[in-house]
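Here the sequence shown is numbered in our numbering, starting from 11 and rising by one per residue.
Where a beta carbon is used, it is the ideal one built from N, C-alpha and C, also for glycine.
If you're wondering where the values come from, they're calculated on a predicted model, not measured in any experiment.
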Amino acid sequence: MTDFHAVRIYLLGLQDGICQALEVEDGQATFQQDQWERHEGGGGTSRVMADGAVFEKAGVGFSHVKGSTLPPSATAARPELAGRSWQAMGVSLVIHPENPYVPTSHANVRFFVAEKEGEEPVWWFGGGFDLTPFYPIDEDCVHFHQVAKDAIEPFGAEYYPKYKKACDSYFYLPHRDETRGIGGLFFDDFNELGFEQSFAFMQAVGNAFVPAYVPIVTRRKTITYGMREREFQLYRRGRYVEFNLVYDRGTLFGLQSGGRTESILMSMPPLARWEYGYVPENNSDEAALSVYLKPREWL
Numbered sequence: 011m012t013d014f015h016a017v018r019i020y021l022l023g024l025q026d027g028i029c030q031a032l033e034v035e036d037g038q039a040t041f042q043q044d045q046w047e048r049h050e051g052g053g054g055t056s057r058v059m060a061d062g063a064v065f066e067k068a069g070v071g072f073s074h075v076k077g078s079t080l081p082p083s084a085t086a087a088r089p090e091l092a093g094r095s096w097q098a099m100g101v102s103l104v105i106h107p108e109n110p111y112v113p114t115s116h117a118n119v120r121f122f123v124a125e126k127e128g129e130e131p132v133w134w135f136g137g138g139f140d141l142t143p144f145y146p147i148d149e150d151c152v153h154f155h156q157v158a159k160d161a162i163e164p165f166g167a168e169y170y171p172k173y174k175k176a177c178d179s180y181f182y183l184p185h186r187d188e189t190r191g192i193g194g195l196f197f198d199d200f201n202e203l204g205f206e207q208s209f210a211f212m213q214a215v216g217n218a219f220v221p222a223y224v225p226i227v228t229r230r231k232t233i234t235y236g237m238r239e240r241e242f243q244l245y246r247r248g249r250y251v252e253f254n255l256v257y258d259r260g261t262l263f264g265l266q267s268g269g270r271t272e273s274i275l276m277s278m279p280p281l282a283r284w285e286y287g288y289v290p291e292n293n294s295d296e297a298a299l300s301v302y303l304k305p306r307e308w309l
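Laid out in structure tokens, this is it:
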């Protein structure tokens, strides 16, 4: 038996907790809240922090949307969903710090159910979190993956390697032949433990984001940087935009299902740049990033 209300209450609390932790870490800016409704059904609450002492932009959104039918893009690979009404809810966030030595990070946890009279509902959980450093520091990468592993290992030793690999595969830009960052966790279509334990698994991932990410921010937010580092950060943010607009399933589903564009594109950085034919100097810190853009075992 699925408990949609319990999932909603958890997600709203998760949004509150993450926003509070980021406000404390920034120490200056606060989140501005924007509630919205979707014409086709449902709505959500978007919270955005801008021009903070640490975070140039951070968006943490809750959405609960529904519809009578799914778009063909969603049912092509899942024909059992055709003709079903559906509901989806989740918390999604992207954080773009100002200091290039503080990594960008993304997290998302979500629940989906499709129903049809006289038939069992089709449901699953999904989510994860990943880290996109521009000047990677191994200590941070190990910490991020250790927290991820510790969060889900109680559910089975097989889950961290499985969903770490899925994250490396998902956050990959084929046209650049590189990963978006150093990965983390990514799971989808997860219902194999039954509702209660699958829900607990999703909560474990959601609750792990702050301890995975915020200590890295604390360690790196005071590192001195100059125009060179800033321009490289903006250049690499361009890769983030490319992935989100071309490959990200959440972005594509939101746009194709008539979602609120402003909230869907909340993940975009406030500034980014593209440079034709850019090649970093040999043996530079910028050139060193390339070795981090291939999957590796961090633990």
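Contact check, residue i vs residue j, beta carbons under 8 Å
i      : j      : result
HIS106 : PRO221 : no
ASP140 : GLY54  : no
TRP308 : HIS155 : yes
GLY260 : MET212 : no
ARG190 : PHE181 : yes
ASN254 : MET278 : yes
ILE28  : LEU80  : no
PRO226 : ASP150 : Before going further, note that residue 226 is Ile rather than Pro in the sequence given. Yes.
ALA282 : VAL256 : no
Best match in the options for proximity to residue i [C-alpha to C-alpha]
i      : options                           : result
ASN263 : PHE242, TYR302, ILE147 and GLN97  : Reading off the sequence, residue 263 comes out as Phe, not Asn. Considering only alpha carbons, the answer is GLN97.
GLU108 : MET59, PRO164 and ARG190          : MET59
ASP258 : ARG246, ARG247 and ILE274         : ILE274
LEU21  : PHE135, LEU91 and SER294          : PHE135
ARG246 : TYR286, THR271 and ILE233         : TYR286
VAL119 : ALA210, VAL215, LEU183 and ASP150 : VAL215
ARG229 : GLU47, GLY52 and PRO113           : PRO113
SER294 : LYS159, ARG57 and PRO146          : PRO146
Heavy atom of the ligand FAD within 7 Å of residue i beta-carbon
i      : result
ARG259 : Absence of the ligand FAD from the depicted structure is noted, as is the absence of any ligand whatsoever, leaving it without description.
Cutoff 6 Å; reference residue i; Cβ partners in own chain excluding five residues on either side
i      : result
GLU40  : Looking at the sequence shown, residue 40 is not Glu but Thr. GLU33.
GLN25  : VAL70, PHE72 and VAL101
PRO131 : VAL123 and GLU125
PRO305 : ASP178
ALA68  : LEU32, MET59 and ILE105
TYR169 : ILE162
LYS231 : VAL64, ASN109 and VAL112
SER115 : ILE105, LEU141 and TYR223
Buried or exposed by the 16-neighbour rule on C-beta atoms within 10 Å, applied to residue i
i      : result
SER267 : buried
HIS49  : exposed
ARG238 : exposed
HIS15  : exposed
GLY128 : exposed
ALA161 : buried
GLY23  : exposed
ARG249 : buried
ARG186 : exposed
GLU296 : buried
Separation of residue j from residue i, as counted between CA atoms
i      : j      : result
ALA117 : TYR288 : 29 Å
THR12  : VAL64  : 40 Å
TYR223 : VAL157 : 9 Å
ALA218 : GLU35  : 16 Å
PHE144 : GLU188 : 13 Å
HIS153 : SER78  : 43 Å
LEU303 : TYR111 : 16 Å
LEU61  : ARG94  : With the sequence shown as reference, residue 61 is identified as Asp, and Leu is not the correct amino acid for it. About 43 Å.
ASP199 : LEU244 : 34 Å
GLN45  : PHE121 : 20 Å
GLN43  : GLY269 : 18 Å
PRO184 : ILE192 : 16 Å
GLN38  : GLU90  : 49 Å
Contacts around residue i, its chain only, beta-carbon distance under 8 Å, and the 5 residues preceding and following it disregarded
i      : result
ALA31  : VAL220 and VAL224
ARG18  : HIS74 and MET99
GLU202 : SER208
ARG240 : PRO110
TRP133 : THR12, PHE121, PHE122, VAL123, ALA124, ASN201 and PHE205
PRO164 : ALA214
Residues near residue i by beta carbon distance below 7 Å, same chain, minus five either side
i      : result
GLU66  : HIS106, PRO107, GLU108 and PRO280
TYR235 : ASN109, PRO110 and TYR111
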